[in-house]
Amino acid sequence: MQAHFAELAALANQISGFIYPNEIELQWSILIVIYPYLTGLVAGAFILASLEKVFNVKELQPTYRLALLCAMSFLIVAPMPLQAHLGHPERSLEMFLTPNGNSAMAMFGFVYMWYLMLVLLLEIWFDFRADMVRWSQQSKGLKSLFYKVLALGSTDISEEAIAFDHKAVYAITVVGIPSAFILHGYVGFIFGSIKANPWWSSVLIPIVFLFSAIVSGIAMILLIYYVSSLVRGQQPKMPCLDKLASFLLYALILDFSLESLDFIHRLYESEESIHILSELIVSKLFLSLTIVQIMLGTILPLLMLAVSRYSRLPAELKRIVYVISAMLIQVGIFSTRWNVVIGGQLFSKSLRGLTAYKLEMGGQEGLLAAIGFLILPFLIFLLLIRILPPWEDEKETVAAAIEA
Amino acid sequence: MSFLRGRLGRSKVDSSKQAVGGNSPVKKRNLSIGKVPDQAVRIGTVFILAIGAAVALRQHFIPESFGELGHYRANAIPVIAGAKLHYAGWQKCGECHEDQLNKKMGGFHKALSCETCHGPAYDHAVVDPTDTEATPKIPRNREFCLTCHSYLPSRPTGFPQIIELQHNPMEPCVKCHNPHDPAAQAEAPACSGCHGEIARTKAISHHSLLRCETCHATPPEHKENPRQNLPKKPTNREFCGQCHAEGTPTSGTLLGVDLSTREIPKVDLATHGNTYLCWQCHYPHDPEGK
Amino acid sequence: MGDKLKRRAFVRKIVEGTASVVMLSVCGPMRSLVGASEEAEAPAYDATKHYYGMGVQIDKCIGCGRCADACKSENNVPREPFYFRTWVERYVIDNEREVHVDSPGGGIHGFPPPATEEDVLRSFFVPKLCNHCDHPPCVQVCPVGATFKTQDGVVLVDQDYCVGCRYCIQACPYGARYLHPEKHTADKCTFCYHRITKGMLPACVEVCPTQARVFGEIKGRSSPLHRLMKMEEIQVLKPELNTEPKVLYTKLDGEVR
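Chains as they are written, first to last, in this note's numbering: chain A, 184 to 587; chain B, 11 to 300; chain C, 13 to 269.
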């Protein structure tokens, strides 16, 4: 307690101008930055997976199952930083017991459950069911039982049954696309609907969140596809990478246009809050907004992708450019989330001063905990691909073997 | 990471085994209902059970008073309303300390609550008057009075304020002022009795030495029947010009003020301030000046 | 005028009703719709017969900070200068029309002389507290129903139910809420609910030496607050946000945010 007060007293010295006395303590820490970052990856990965299924983009087939499992791993971790950040984590189920129908946050719980249960789990189950049945039949003992339980005891891998699975996956994907839009649009709405905060309060925020989500999701799948191919000793398929890079470029252009529109709109309308927001951008957010988010995280990868996609670079070089761009984009989108969540709390609602945030190393809301929450989805992903191997080539070999 | 690589080979072996053996004729239980195939029935059942269990559990855990008065626990209200009291209220103090209260009620501090200066007194006044630890404090130091009465430009004009360094520095206020009846040292009690705010403003202004009657000729009946017998107010620029026009005396005494003590700002009435009357720009009870 | 107001209230009800129906359809039936007005307090106090508000007269405030001090004593608010249910701000507008605001320690220990004394154009104190909005954004965003508006118009926090998500703190435009460092729940002014339900005044009103704060019934009863609303020009903080505060200010300067 005393240490906490000492921290706050130190923060009080970094304040410029006037802030309301209750505003010295910054309420939403780095854990709340991670949460929209993770849900963004979920929505983006799913939307990419849907492209293959619904719009029949054949080049992306190798990434379909990767994208589904990746979305699943991030979705499992997404609520954890929220939970860890609560003052009373043991009371969190109240959000489902007595949800306030007017609260964006309460409704998010239901959107999340809907998405986790009815979209992702179902889609993965139907997509992997035939495989799970086969794996159960091909193995013995515990492993066989495990897959049998996962398949819920179903054993039917007749052509009609598999045709039904495909139909179900298609239907779920059709429902899933708007669900993914809602999932992350809703995260944007949690911020965008706060009229007290001029940095957040904007109708464009949910849409900007959505497109930045798509950008981050595609970039993440590109990285995962590239790395997993390398680890498995295979050459990543160039048409697939090219297609990913194209979609990444389109999404990035849209995202950047929307963000610029938001920015220009605010600047041109020049409302009461413009003075303090300008001060914020040129001082406390200069590094994370101007340098990292806009320069390194948007404009640079945009140029790199555009040049490499439409020039005749050798495939090896192209791949490297794609991967570097995707990594830059991840950093850029993370700082986008940072600039929204932390940036929105760095100025006083009196619009007369700037507050301060000091990122601790340890502790429940420190940097180490944050890194933990960022690594955890990858561990879950490794576990998931072990349980449900998503490799398409393997499927083909299995199919070929059965035929033979 | 080796399993990533190994998986491929192993399943090859597995699948070839299966290819040789073919589908074993194990009896399969088929749960299909009409056109809904087996696997859809299975997953559907799991979901319905899960959702059903969640709904049933939810009903069980909702707090009992939730929703009685609105979307909240009605039982929270008596908890909040039952919080411990610390301030008793001045009426409670008066039950025992009637003399002090009556004295205070007749003076300038009449609107002040006892606990404003003496601190929270519920434990003393209601719980246990003999508990010496709960006995309210008596602030006697100068700093405490200055919390309200030191001069700050933000304070409303008319509120009695002192400039700390000029007003008997270092002396405790209680030496001269009884906090329960702090008589103001005003120069014309007859006027300031009712117009205290103006009197106190004027008292720290450049016009502090002017008597109220200098500018406001006041019929004696004003004190008995104020609204029907209003004092006069100056009506023209020339009135202020008696002191402030160019060419008026700069030495000797003027309207009772010794001119050697201060310099009076002078203006040319013909050109200064256009057609405005003096008090449209200057507040006579606290005129800004050199 | 009355018709216009009624119409506006009607339109709002429809809009709010539709919004909540849409949201409710997502999460299923909820018991909150049952608006039974059962008595929860001691029988002597009938919440339905009151509707509270507070008047704050800027031109009477002397910036002594007794209110902020008394509030901390009465409500066991941590003494550290990061947690306030009420505080006093000082506005100094200099001759360049630049606005300087400060509130050292919430004003609890009074105010030092301002740095810009020579150039003061106008200056005044502004006591701040929870506005007990009639249309409270904090209640709107609370995910679990742990903060709510009572029948007598006071916005309260259920300390035994709050999950500590701090969404309400973000949603309050007035900075009136904080996270209690020991309870780990949101905390704020209650209008001294434990006092007013016993017929006493809130602690800040009790100790105010100049009657700058006036507490009372906001709806048509003869009370000091009612008289204030009748005789003075009333302003509220940030009216453009449509929170409809029940803390009413007189002589409020346009610079105050």
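For glycine and all other residues, C-beta sits at the position ideal for the given N, C-alpha and C.
Note that the coordinates shown come from a computational prediction; the quantities given were computed from them, not determined experimentally.
Closer than 7 angstroms to the CB of ARG312 of chain A there is at least one CB belonging to chain B. Under the Cβ criterion (8 angstroms, minimum of three pairs), the region 161 to 181 of chain B does not count as touching the region 143 to 151 of chain B. Burial of ASP170 of chain C is indicated by the presence of at least 16 other C-beta atoms within 10 angstroms of its C-beta.
Nearest in C-alpha terms to TYR353 of chain A, of all of A:ASN239, A:ALA254, A:GLY515, is A:ASN239. For TYR103 of chain C, the enclosing beta strand (DSSP E) stretches over residues 98 to 106. Using a Cβ-Cβ cut-off of 7 angstroms, HIS196 of chain C counts as an interface residue toward chain A, since at least one Cβ of chain A sits closer than that to its own. Taking each of B:GLY168, B:CYS288, B:ARG237, B:GLY104 in turn and checking the Cα distance to ILE214 of chain B, the smallest one comes out for B:GLY168. Cβ-Cβ distances below 8 angstroms link TYR82 of chain B to PHE76 in the same chain, with the five nearest sequence neighbours on each side left out; the list follows chain order. Identification of residues in the region 59 to 84 of chain B having a C-beta nearer than 7 angstroms to some C-beta of chain A yields ARG68, PHE71, ILE72, PHE76, HIS81, given in sequence order. For ARG520 of chain A, the enclosing alpha helix (DSSP H) starts and ends at 498 to 524. Taking all protein chains in view, the Cβ of THR142 of chain B is surrounded by fewer than 16 other Cβ atoms within 10 Å, so the residue is classified as exposed. Interface with chain B (7 angstroms Cβ-Cβ cutoff): LEU168 of chain C is included. Contact check for CYS204 of chain C and PRO214 of chain C: beta-carbon distance about 4 angstroms, within the 8 angstroms limit, so the pair qualifies. Note on the region 61 to 130 of chain B: there is no whole beta strand (DSSP E) run with a minimum of 3 residues.
Looking at the backbone, the Cα of LEU79 of chain B and that of THR222 of chain A are separated by about 36 angstroms. SER135 of chain C: member of the beta strand (DSSP E) spanning 132 to 141, first to last residue.
With respect to ILE74 of chain C, CYS158 of chain B sits close: the two C-beta atoms are nearer than 7 angstroms.
At a beta-carbon threshold of 7 angstroms, the residues of chain B lying near SER337 of chain A are ASP48, GLN49, ARG52, ordered along the chain.
Distance from the Cα of HIS217 of chain B is smallest, within the candidate group B:ARG52, B:ILE61, B:VAL89, B:PRO297, for B:PRO297. For TYR286 of chain B, there is no enclosing beta strand (DSSP E), as DSSP marks it with neither H nor E.
Secondary structure note for GLY480 of chain A: it is in no beta strand (DSSP E), with a DSSP letter that is neither H nor E. One finds nothing in chain B with a Cβ atom closer than 8 angstroms to the Cβ of GLN247 of chain C; even the nearest lies about 17 angstroms away.
In this structure, LYS426 of chain A keeps its C-beta atom at 7 angstroms or more from the C-beta atom of LEU224 of chain A.
Judged by DSSP secondary structure, GLN321 of chain A falls outside any beta strand (DSSP E) and instead within the alpha helix (DSSP H) spanning 305 to 321. Not a single unbroken stretch of the beta strand (DSSP E) spanning 3 or more residues falls wholly within the region 365 to 437 of chain A. Residues of the same chain with a CB within less than 6 angstroms of the CB of CYS145 of chain C, apart from the 5 flanking positions on each side, are THR255, GLU256, PRO257 in chain order. Nearest CB-CB separation between PHE136 of chain C and chain A: not below the 7 angstroms threshold. Leaving aside the five residues that flank CYS288 of chain B on each side, the residues in its chain whose CB is nearer than 7 angstroms to its CB run, in chain order, ARG247, CYS250.
Residue contact check for THR538 of chain A against chain B: no CB pair falls below 7 angstroms.
In this model, VAL237 of chain A and VAL357 of chain A are separated by some 7 angstroms (Cα to Cα). For CYS201 of chain C, not one C-beta of chain B is nearer than 7 angstroms to its own C-beta. The beta carbon of PHE564 of chain A sits no closer than 7 angstroms to any beta carbon of chain B. Any Cβ of chain B closer than 7 angstroms to the Cβ of LEU303 of chain A would place that residue at the interface, and such an atom is absent. At a cut-off of 7 angstroms, the C-beta of TYR97 of chain B has a neighbouring C-beta in chain C. For ALA250 of chain A, no CB of chain B lies under 7 angstroms from its own CB, so it is not counted at the interface with that chain.
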